[in-house]
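Report on the following structure.
Protein chains: 2
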Amino acid sequence: MNKPATIKDIARQLNISISTVSRAMRNAPDVNADTKRAVMALSEELNYQPNKLALSLRQKQTHNIGVIVPNLDYVLATMVKGIDEVALEAGYTVMVCQSNESFGREIVNTRRLLDSLVDGFIISVSSETKVFDHFKKIQEYQMPMVVFDRVTPFLKAPGVRIDNEDGGFQATEHLVEQGYKRIAILAGPKNLGISNQRLDGYLKALKKYKIKTDPDLIINCDFNQHYAYLATQELLQMKKRPDAIFTISDRMAIGAMLAIKEKGLRMPQDIGLVGFNNEPVTSLVTPGISSVDQPAFELGKIAAKLFIETMHNENDMSDIEEVLKPKLIIRESSQRMLFKNGRSK
Amino acid sequence: MNKPATIKDIARQLNISISTVSRAMRNAPDVNADTKRAVMALSEELNYQPNKLALSLRQKQTHNIGVIVPNLDYVLATMVKGIDEVALEAGYTVMVCQSNESFGREIVNTRRLLDSLVDGFIISVSSETKVFDHFKKIQEYQMPMVVFDRVTPFLKAPGVRIDNEDGGFQATEHLVEQGYKRIAILAGPKNLGISNQRLDGYLKALKKYKIKTDPDLIINCDFNQHYAYLATQELLQMKKRPDAIFTISDRMAIGAMLAIKEKGLRMPQDIGLVGFNNEPVTSLVTPGISSVDQPAFELGKIAAKLFIETMHNENDMSDIEEVLKPKLIIRESSQRMLFKNGRSK
DNA sequence: TTTTGTTCCGGTAACGCTGCCGGTAACGCT
DNA sequence: AGCGTTACCGGCAGCGTTACCGGAACAAAA
């Protein structure tokens, strides 16, 4: 066979009308059982596949979901896998587009998918994005849209995220409990929600333990290993240098670790370190890096479920925001107490 | 605006025919400049976006590329980024599907995209795949198809890959030069091309240096950290245990490293280790793991370029196979000579 | 016999767009 | 005046599919 078969071909060969074939295909009630069988048999033989394009054009839905992510690092790839899982189950195909943390790329991708390629979007915004018009356009077109991981108050849409504040709090409280006094934080870009929420958790923990916050210990830098490396170098050159660092991503933690090692400081004795994401690498380096684990796969699945609900549900769901709890995984990089106890014994 | 505007709307409002609007849009020569301007102005105002579905249905091409990958680990994600880069430039949108190294999933994804969603495929086959009928179907439909990274002789299509044999050779030769005598290899699944090619390189290097190959030192195991860990444990329990291990992926190298450390052996003094892929993690662990670097981003770009060429080119290109050279990055895990020299001094 | 109801099927229009053909008006040339 | 040429535009068909309507054939009820 050269060209793929259509219902027309089947109709012609069976000497029936295309309407009947169409109905038989969809197992409609008002078609004779024999006819149905014949259609099925022939369509099998011709290897008939319904043309999705025509179908989409006709019924104005594509059964595709546009997924826009800033990148495909460990966490996001895991989330996408979760989305994929649920979407496939529900009969949707996902189109993944990476914005590369670039605002311009995000716009291009959105426009592209918006051109009748998808029924809606599942989005995690780029860190560069400060204007959300291109996403609002999605909503103007009445398209369902769900945000995940990186949600923002500027976008009114159902979403799922982890409790970043709690994560930041857990990490910081743990460092306090381990006896660290001057705890620095490498926060991410200033306009990024997850960055600020983790910072809030940090601040809340300090407040709880009545530790004064020192603005010099709060560094906003890009989500990037090298910047974290540079920032840590600066931190360690202060006259009153911090004795612990909480970085809001593991990539940044790695950068910090490199700077710390270079300086000849020991973890956790001289300086404590906690990261975020619980990427596999944290358990592979020496010392292992304590890190806040987030249920990424689960989060992806929930995002897709929310999307499908939004599709099938008429009423407004934009108030829904599911929040998953993260969980600090403690490794060597922050366990100073082990050494303290050892010494005092 | 509620529903997106169509050329029909524009035609009606301007009191001209649909055809004229269509021509004006495409900047056809035979339409009055004023009419053209009016159409442009109104389409701007109505925020008109041509309906891609209708277009695709009409001219039987979607300008989408289906990308099927077994997973989205570091290397593949980088390759996909390369594909994305070139594809976007050329006006194509990519649809990424993960098969999760599952044969069944691969089939489902292929079928889905095949249903008139894409103009062709760029594929890296799952490690589970031993039958290629679903991919051959793509070719039966006359669809362009390019394979990358994991190419297989069972699929006659233009492709791009790295010189895996050379990579295996470089790694093994390096170990030999460092004075290791009993070099084991953790090869991947037996049916996987990249696995066998790297194994061939290993064998070739041993042959060059007249080292007898020992079948006990050649382990086929799954592409997976844990299996590598178990396999290494077994290797280290042999009466004549190997003094070096070459693993054909970094994930496996990590697994091997864990087993080695657990056993209390030192790298590189007691045992040498070389991985493959040069993932960031190799430079972060202690000791740093030597690893064969592959130009993943570049490879992705070439894959996309091949695809586009195949699209625009009528003649058969299935003989084309571009091969990129990998490059061994030497780190501590295999540099025994440093210690040997140190001792002898 | 006529009426009423089932069961099954075909024709038509439409989704949004483009390719093709043909047509009109205006102009210039013989 | 008649002709061809040019510039511009509209109509129609069709891509593959489904929704809707109407109708034939036959059986059952009146």
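Taken in order, these protein sequences are the chains called C and L. According to numbering that gives the first Met the number 0, the first sequence is numbered sequentially starting from 0. According to numbering that gives the first Met the number 0, the second sequence is numbered sequentially starting from 0. We put the CB at the ideal spot given by N, CA and C, even for glycine. Since the structure is predicted, the reported quantities are computational estimates derived from the model, not experimental observations.
Asked                                                                                                                         : Found
Secondary structure, beta strand (DSSP E): runs of 3+ residues fully inside the segment 172-248 of chain L                    : 182-186, 217-219, 243-246
Cβ of Ile82(C) within 7 Å of any chain L Cβ                                                                                   : no
Residue ranges of each beta strand (DSSP E) within the segment 105-161 of chain C, 3 or longer                                : 119-122, 144-147, 158-161
Proximal residues to Ile122(C) (C-beta, below 6 Å), its chain only, five neighbours per side dropped                          : Ile67, Val146
Sequence-distant residues of its chain with Cβ nearer than 6 Å to Thr92(C) (five each side left out)                          : Asn63
Any C-beta of chain L under 7 Å from that of Gln48(C)                                                                         : yes
Gln97(L) in three-state terms, based on DSSP                                                                                  : strand
Own chain, CB closer than 6 Å to Lys326(C), minus 5 neighbours either side, in chain order                                    : Asp292
CB contact below 7 Å: Arg111(C) versus chain L                                                                                : yes
Below-7 Å beta-carbon distance, Lys51(L) vs any chain C residue                                                               : yes
For Leu154(C) and Phe134(C), believed in contact at Cβ under 8 Å, the rounded distance                                        : 6 Å
Separation of Glu331(C) from Ser194(L), as counted between CA atoms                                                           : 36 Å
Any chain L beta carbon closer than 7 Å to Asp162(C)                                                                          : no
Min CB distance Asp114(C) to chain L below 7 Å                                                                                : yes
Residues that Gln97(C) contacts on chain L, provided the C-beta gap is smaller than 7 Å                                       : Lys80, Asp83
Start and end residues, beta strand (DSSP E) containing Val273(C)                                                             : 271-276
Neighbour flag for Leu45(C) against chain L, beta carbons, 7 Å                                                                : no
Residues that DSSP places opposite Thr92(L) in a beta bridge                                                                  : Asn63(L)
The segment 173-191 of chain C in contact with the segment 226-243 of chain C per 3-pair CB rule at 8 Å                       : yes
Neighbouring residues, chain L, relative to Tyr226(C) (Cβ below 8 Å)                                                          : Going along chain L, no residue has its Cβ under 8 Å from Tyr226(C), so there is no contact; the nearest lies around 15 Å.
Contact set between the segment 140-168 of chain L and chain C, restricted to residues whose Cβ is under 7 Å from the partner : Tyr140
Local Cβ density within 10 Å of Asn163(L), reported as buried at 16 or more and exposed below that                            : buried
Contacting residues, own chain, Cβ-Cβ under 6 Å from Val74(C) (five flanking each side not counted)                           : Asn276, Ala295
Below-7 Å beta-carbon distance, Leu298(L) vs any chain C residue                                                              : no
Interface partners of Val280(C) on chain L, CB under 7 Å                                                                      : Val280, Leu283
Length-filtered (4 minimum) alpha helix (DSSP H) runs lying within the segment 259-328 of chain L                             : 295-311
Best match in Lys209(C), Leu337(C), Leu52(C) for proximity to Gln268(C) [C-alpha to C-alpha]                                  : Leu337(C)
Cut-off 8 Å between Cβ atoms - residues of its own chain near Glu320(C), not counting five sequence neighbours on either side : Val150, Pro157, Gly158, Val159, Arg160
Buried or exposed (CB count within 10 angstroms, at least 16 for buried), Tyr208(C)                                           : exposed
Close beta carbons around Arg367(L), own chain, < 6 Å, minus the five adjacent residues each side                             : Given a span of 0 to 344 for chain L in the structure shown, any question on residue 367(L) remains unanswerable.
Val68(C) in three-state terms, based on DSSP                                                                                  : strand
Same chain, Cβ closer than 6 Å to Gly341(C), five either side skipped, listed in chain order                                  : Note on Gly341(C): pLDDT 47, under 50, position unreliable in the model; the coordinate value appears next. Excluding residues within five positions, none has a Cβ falling inside 6 Å.
is_contact[Thr246(C), chain L] using C-beta, thresh 7 Å                                                                       : no
Any chain L beta carbon closer than 7 Å to Ser343(C)                                                                          : Reliability of the predicted coordinates at Ser343(C) is poor, the pLDDT of 39 falling under 50, and the value obtained from them is presented with this limitation in mind. Chain L contact via Cβ: absent.
Chain L contact for Met94(C) (CB, 7 Å cutoff)                                                                                 : yes
Residue range of the unbroken alpha helix (DSSP H) whose run includes Thr5(L)                                                 : Taken as a continuous stretch (DSSP letters only), Thr5(L) belongs to no alpha helix (DSSP H), as it is neither H nor E.
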